[in-house]
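The letter at position 48 of the sequence shown is residue 50 when you use my numbering, and the numbering goes up by one with no holes. We put the CB at the ideal spot given by N, CA and C, even for glycine.
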Amino acid sequence: MITVSVAEAKKRLTELLDKMEQGEEVIIARAGRPVARLQSYEAKGRKPGFLGQEYRLPDDFNSLDLEIAAAFS
Numbered sequence: 003m004i005t006v007s008v009a010e011a012k013k014r015l016t017e018l019l020d021k022m023e024q025g026e027e028v029i030i031a032r033a034g035r036p037v038a039r040l041q042s043y044e045a046k047g048r049k050p051g052f053l054g055q056e057y058r059l060p061d062d063f064n065s066l067d068l069e070i071a072a073a074f075s
């Protein structure tokens with residue numbers, strides 16, 4: 003865990019983001035008191051709705067449909 007001041011976090015943001023990607027947790031403090039905790043983001047897979055008990059999800063449920071993605075680029 004790394005603790006930095008607000009000013010230091012502003013200066014070192016890119017470096018701190020790299021550390022968070024490696025699993026490090028960052029605490030931002032104001033006047034020596036912790037005010038925020040930053041950690042890497044972990045995307046969660048989609049969950050089935052009300053038919054979750056009655057419907058088997060395909061193996062590629064969370065994969066990106068390239069044809070649909072191309073429509074938005």
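Distance between residue j and residue i (C-alpha atoms, nearest Å)
i	j	result
I70	P60	18 Å
A73	T5	43 Å
L66	G47	12 Å
G34	S42	23 Å
M3	D20	13 Å
According to DSSP, residues forming a beta bridge with residue i
i	result
R39	I29
S7	A31
Buried or exposed by the 16-neighbour rule on C-beta atoms within 10 Å, applied to residue i
i	result
L68	exposed
A45	exposed
Supposed close pair residue i, residue j - CB separation, criterion 8 Å
i	j	result
R39	I29	6 Å
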